[in-house]
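In what follows, a structure is listed as structure tokens, so that the remarks can point back to it.
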Amino acid sequence: MQIVGGHHSEIWTLDVDPAERFLVTGSADKELRFYAIKQDSVDGESVKDGDDSSISNKWDVLTHFGEIQRQSKDRVATVQFNKSGNLLACHVAGKMVEIFRVLDDAEAKRKAKRRVNRKKEKKHGKEATEGTENGDGNIENKGESSTVTDGPIETNKITVTVPDVFKLLHTIRASKKICSISFCPITPKNSLATLALSLNNNLIEFYSIESAETKKTLAIDLQGHRSDVRSVTLSSDNSFLLSTSHNAVKIWNPSTGSCLRTIDSGYGLCSLIVPTNKYGLVGTKDGTLEIIDIGSGTRVEVAEAHGGSVRTIAALPEKHGFVTGSADHEVKFWEYQITQKPGQ
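Spelled out as structure tokens, the structure:
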């Protein structure tokens, strides 16, 4: 068994790339942590890594590889590689997703070599500038002390770091809080990948990830409520179902599961369908009773019922009325009465 530390808070998510080269972990820390995975040969012996050193202990599977600073201060909710392993998505507990490009071994080594070359060229250029400022008149000594070459500087040993392998490609900012993410298993021909986002307003968005930009290609508005469902009521003939939420009443077909109507309403906490199945009653958080016309899909009347939120509605056994209970510590009895308004 191997125990690996590093994070300063609890780890919320982790994932391994398809090639099993790296393990990435995310927490409430400001950085993502990466670990290199030891690769075993067929005979069970450890395979040497890039710096020609092998891990002596066969249980030491993970070695710390490095960290990458995140842009968001929110904790990490999900890290996920795509199917091909060339992209890494980091979804935080908010509205942001960071997309990283994952380079293969050859590309990472070339990038590390360019980084070392730039660093050495900068160092030699600085030394040459300092020599000129010191006013050293000895040209021969100056030539011996600093050498600047036009071509790339060859290095005997190149150390690949996390920024050489993982490069921030894009940042996606959604309109609402993101609940979950997932890469499409099929890679499109004209893009690197397709990423699906599930938002907390019951919306699913699809993004096409390209090298230059990300494009939102599709949004699916699900038929369900945008927040918690507070009550459901089935009609006496089982032909439809009424559900309430914070700003809408929905009428459903229980056989097919399809939404038939969506009606604007208050914050509905309880509901009841009258015996004729023509009207629905909704008790709201504001203490009102809303009368819903099922056939037309409209709210026909709002009555002030209680001084507190209406928590429950129950039909009377004789089916000529109903009872409401409220947070104002009152129970009220109601009778059904059909009246025709003037002008109708």
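Letter by letter, the sequence shown follows residues 0 to 343 of numbering that gives the first Met the number 0. Glycine residues also receive a C-beta, built at the ideal position from the N, C-alpha and C atoms.
Close-in-space but distant-in-sequence residues of the same chain around residue 245 (CB under 6 angstroms, 5 per side omitted): By the criterion of a C-beta distance shorter than 6 angstroms, residue 245 is surrounded in its chain by 226, 266, once the five residues flanking it on both sides are discounted.
Please go through the same chain and pick out, in chain order, the residues whose beta-carbon is closer than 6 angstroms to the beta-carbon of residue 110, but skip the five residues on each side of it. Short of 6 angstroms from the beta carbon of residue 110, and not among the five residues preceding or following it, lie these beta carbons of its own chain, in chain order: 163.
Could you check the C-alpha separation between residue 325 and residue 172 for me, to the nearest Å? Put simply, the backbone Cα of residue 325 is about 42 angstroms away from that of residue 172.
Beta strand (DSSP E) containing residue 292: first to last residue? Following the DSSP letters along the chain, one finds residue 292 inside the beta strand (DSSP E) bounded by residues 287-292.
Among the candidates 222, 321, 90, 20, whose CA atom is the shortest distance from the CA of residue 344? Residue 344 lies beyond the stretch modelled for the chain, which goes from 0 to 343, so this question has no answer here.
Please say whether residue 76 and residue 96 have beta carbons closer to each other than 7 angstroms? Taking the C-beta atoms as reference points, residue 76 is found no nearer than 7 angstroms to residue 96.
Give the secondary structure of residue 108 by DSSP, where H, G and I count as helix, E and B as strand, and everything else as coil. It is helical.
Per DSSP, which residues does residue 33 bridge with? Please list them. DSSP lists 23, 65 as the beta-bridge partner residues of residue 33.
Taking the beta carbon of residue 78 as the centre, do at least 16 other beta carbons fall within 10 Å, making it buried, or is it exposed? Residue 78 should be labelled buried.
According to the neighbour-count rule (16 or more other Cβ atoms, all chains shown, within 10 Å of its Cβ), is residue 81 buried or exposed? Taking every protein chain shown into account, the CB of residue 81 has 16 or more other CB atoms within 10 angstroms, so this residue is buried.
Ordered along the chain, which non-local residues of its own chain (more than five positions away) have a Cβ less than 7 angstroms from that of residue 334? 319, 320, listed in sequence order.
Inspect the beta-carbon positions of residue 212 and residue 190 and report whether they are closer than 7 angstroms. No. Outside cutoff.
Burial state of residue 215 (16 or more Cβ within 10 Å): Classification for residue 215: exposed.
Sheet register partners of residue 88 (DSSP bridge): DSSP output for residue 88 lists 79, 98 as bridge partner(s).
Top-ranked residue by Cα proximity to residue 355, from 232, 302, 38: Since the first and last residues shown for the chain are 0 and 343, residue 355 lies out of range.
Which residue's Cα is closest to the Cα of residue 253: 182, 200, 235? The residue with the shortest Cα to Cα distance from residue 253 is 235.
Select from 120, 22, 242 the residue whose C-alpha is nearest the C-alpha of residue 87. Looking at the Cα atoms, 22 is the closest of the given residues.
With a CB to CB cut of under 6 angstroms and the five nearest residues on each side skipped, what residues in its chain are close to residue 219? Answer for residue 219: 203, listed in chain order.
Locate the alpha helix (DSSP H) running through residue 163, then write down its first and last residues. Here the alpha helix (DSSP H) through residue 163 covers 161-164.
Which same chain residues end up closer than 6 angstroms to residue 197 when comparing Cβ atoms and leaving out the 5 residues on each side of it in sequence? Hits under 6 angstroms: 178, 179, 203.
How far does the beta strand (DSSP E) with residue 175 in it extend, from its first residue to its last? No beta strand (DSSP E) holds residue 175; DSSP gives it neither H nor E.
Are the CB atoms of residue 4 and residue 12 nearer to each other than 7 angstroms? Cβ atoms of residue 4 and residue 12: not closer than 7 angstroms.
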